[in-house]
Amino acid sequence: MGLDDKIVSLKDEHQALENALEKEESRPHPDDFEIAILKKQKLRIKDQMAAISSA
6 MGLDDKIVSL KDEHQALENA LEKEESRPHP DDFEIAILKK QKLRIKDQMA
56 AISSA
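Position one of the sequence shown corresponds to residue 6 (the working numbering), numbered consecutively onward.
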């Protein structure tokens with residue numbers, strides 16, 4: 006897997022997490038713990054994309 010493929014894969018994963026986050030936040034009683042987990046995962050992926058881009 007090349008770097009471009011890895012970036013695309015990470016962007017897809019980031020978007021999936023964003024969708025899950027929006028879904029959770031729109032529930033009548035959102036789970037704050039689940040939201041925190043999703044946000045941490047998104048940040049981890051964003052950091053990975055930044056590291057690959059700067060390499």
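Ideal Cβ placement from N, Cα and C applies to all residues, glycine included.
Residue burial classification, residue i (beta-carbon count within 10 angstroms, cutoff 16)
i, result
"L43", "buried"
"I2", "Residue 2 is absent from the model: the chain starts at 6 and stops at 60."
"L22", "buried"
Residue i (DSSP reduced to helix, strand or coil)
i, result
"H19", "helix"
"D36", "coil"
"A41", "helix"
"A25", "helix"
"A60", "coil"
Closest by C-alpha distance to residue i, when choosing among the options
i, options, result
"N24", "A60, L8, Q46, G7", "Q46"
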